[in-house]
Amino acid sequence: MEPARYQEVLERCSLVKDIESFPFGDLTEIGERGVNLSGGQKQRVQLARALYQDADVYLLDDPFSAVEAHTATSLFNLVWLVADYVIGALSGKTVLLVTHQIDFLPAFNFILVRYV
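First residue of the sequence shown: 42, per our numbering; consecutive thereafter.
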């Protein structure tokens with residue numbers, strides 16, 4: 042485990058306050074399928090788990106759908122638009138983001154739109 046990277050990912054995914062509120066911090070068992078977490082917390086934990094990995098490809102299926110709009114924008118800005126973090130975590134990576142939130146699209150190099 043890389044403590045500095047772990048802490049930075051928690052900060053970027055807005056999980057620090059949540060974890061501080063847990064009875065045993067990040068050692069708290071959250072239950073099967075995250076039953077003790079809200080929908081937004083579950084998505085932020087999933088995003089943090091993905092970002093902590095050193096993968097070449099990230100497939101993110103609507104990672105902000107269960108969080109409020111202002112929280113989604115804040116998370117997006119912290120994860121994608123903060124230059125020093127992007128260089129460290131996502132530089133040279135392939136990110137496929139599936140979303141209904143069109144506000145995020147200008148940050149990406151290629152956009153595929155499905156018309157029905």
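Note that the Cβ used here is the ideal one computed from N, Cα and C, for glycine as well.
Item to check | As assigned by DSSP and simplified to three states, the class of V139 | outcome: strand
Item to check | Whether V136 touches L101 by CB criterion (8 Å) | outcome: yes
Checklist entry - Helix, strand or coil: which one does DSSP assign to Y156? => result coil
Item to check | Residue of R85, V76, A91 minimising C-alpha distance to S115 | outcome: R85
Checklist entry - Is the segment 102-114 touching the segment 136-152, taking contact as three or more C-beta pairs under 8 Å? => result yes
Item to check | Whole-Å CB distance - K134 paired with Y93, under 8 Å assumed | outcome: Wrong, their Cβ atoms sit about 13 Å apart, outside the cutoff.
Checklist entry - Within 10 angstroms of its Cβ, does S55 collect 16 or more other Cβ (buried), or is it exposed? => result buried
Item to check | Distance between R74 and L51 (C-alpha atoms, nearest Å) | outcome: 20 Å
Item to check | E49, DSSP secondary structure in three states | outcome: helix
Checklist entry - Comparing alpha-carbon positions, which option in I143, F149, M42, A148 lies nearest R90? => result M42
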